[in-house]
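Per the numbering used here, the sequence shown starts with residue 2, numbered consecutively.
Positions of the beta carbon are idealized from the N, C-alpha and C atoms, including for glycine.
Below: one structure, written as structure tokens.
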Amino acid sequence: MNGSFVLDSVSCGYGGKKVLDGFSAEIRGGALTALIGPNGSGKSTLLKLLGGIAGYVGSAALDGRELRSMSRAEFGRAVGFVPQQTKITTPFTVYEVIAMGRLPYCGLFSKLSGEDDAAVLRAAERAGVSHLLFRRASELSGGEQQRVCVAVALAQEPEVFLLDEPTSALDPNQSVRIFSIMRALASEGRTVVVAAHDINGAIPFSDRFIALRGGGLAAQGEASELDENILAPLYGIEFKKYVSEEGGRAWHPSAKSFSL
2 MNGSFVLDSV SCGYGGKKVL DGFSAEIRGG ALTALIGPNG SGKSTLLKLL
52 GGIAGYVGSA ALDGRELRSM SRAEFGRAVG FVPQQTKITT PFTVYEVIAM
102 GRLPYCGLFS KLSGEDDAAV LRAAERAGVS HLLFRRASEL SGGEQQRVCV
152 AVALAQEPEV FLLDEPTSAL DPNQSVRIFS IMRALASEGR TVVVAAHDIN
202 GAIPFSDRFI ALRGGGLAAQ GEASELDENI LAPLYGIEFK KYVSEEGGRA
252 WHPSAKSFSL
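See the structure below:
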């Protein structure tokens, strides 16, 4: 599996309201793509569509296969999805929650194999939650629960990872850790798509970006091509770029954009 998506004139929404409207884009396999754009632009809806959670009209294909033709079991093996700010309320331990990522392989009532157990332990180690394995997941902080959700996706060992604001509840240290994991997965040939409000946190780790506005495609390209000329019309404010001595880039909204 290459893990590439092609979307052609896709529309998708909820309760009779379109969120994505005639959206077309390509998502490169084996790369980390950041979805950026203002609130309500369609980033989360696009991720749900790619993950087989949201219905759509138009064409959306993974490696040439229309998403609507794929079964839930096929999605479970191919795509790992980390939703935004999930609160875990079940009485399960962290180990048991992460083990749910193995359901596409072992079934709901089957005993975990040695291979499944090893996958759970690898995922916990990579997400930095090994020391929490036998704690109740519901007792963890929001940031710890978010890392557990990332571990669930890692335990699936899919070719595609979809993450909706995975660092929203994390401190800077843990945010860098999660983005570093995603960067490593892309370097291993996995496809990673991350919806991000924190442009400066996501773009340094990304290969490409897709900018959404009003349910449509505003811009797309290599991460190195993102600049203030794209960001200003996207968010409706002016941005100022800062370049570090090491060559890193960051953008900050200009105070001149606001008048009270």
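Is S42 helix, strand or coil by DSSP?
coil
Would you call the segment 76-95 and the segment 146-166 touching, i.e. three or more CB-CB distances under 8 Å?
yes
What span of residues does the beta strand (DSSP E) with Q221 cover, start to end?
G217 to E223
A35 beta carbon less than 8 Å from that of A203:
yes
Using the C-alpha atoms, what's the distance from L51 back to A152?
20 Å
DSSP three-state assignment for V121, whether helix, strand or coil
The DSSP-derived three-state label of V121 is helix.
DSSP state of V1, grouped into three classes?
Absent from the structure is residue 1, since the part of the chain shown begins at 2 and ends at 261.
When we look at the beta-carbon of T168 and count the other beta-carbons within 10 Å, is it buried (16 or more) or exposed?
buried
I believe T98 touches V149 by the beta-carbon criterion, under 8 Å. Please report the beta-carbon distance rounded to the nearest angstrom.
Going by the sequence as given, residue 98 is Val instead of Thr. Confirmed, about 6 Å.
Would you check if there are 3 or more beta carbon pairs closer than 8 Å linking the segment 55-62 to the segment 10-20?
yes
Mapping the DSSP letters down to three states, classify F135 as helix, strand or coil.
coil
Look up R214 in the DSSP assignment and say whether it is helix, strand or coil.
Reduced to three states, the DSSP call for R214 is strand.
Kindly indicate which three-state DSSP category S70 falls into: helix, strand or coil?
S70: helix per DSSP, three-state reduction.
E246 (DSSP reduced to helix, strand or coil):
DSSP, read as helix, strand or coil, puts E246 in coil.
Span of the alpha helix (DSSP H), counted from its first residue to its last, around G143
G143 to Q157
Give me the Cα-Cα distance between D301 and V7, rounded to the nearest whole angstrom.
Limits of the chain in this structure are 2 at one end and 261 at the other, which puts residue 301 out of reach.
Same chain, Cβ closer than 7 Å to S45, neighbours up to 5 away in sequence not counted:
Q85, D165 and A196
Looking at the structure shown, is S60 part of a helix, part of a strand, or coil, going by DSSP?
strand
Contact set for S114: own chain, Cβ-Cβ below 8 Å, skip 5 residues either direction
C107
Find out if the Cβ-Cβ distance for the pair G30, L213 is shorter than 8 Å.
no
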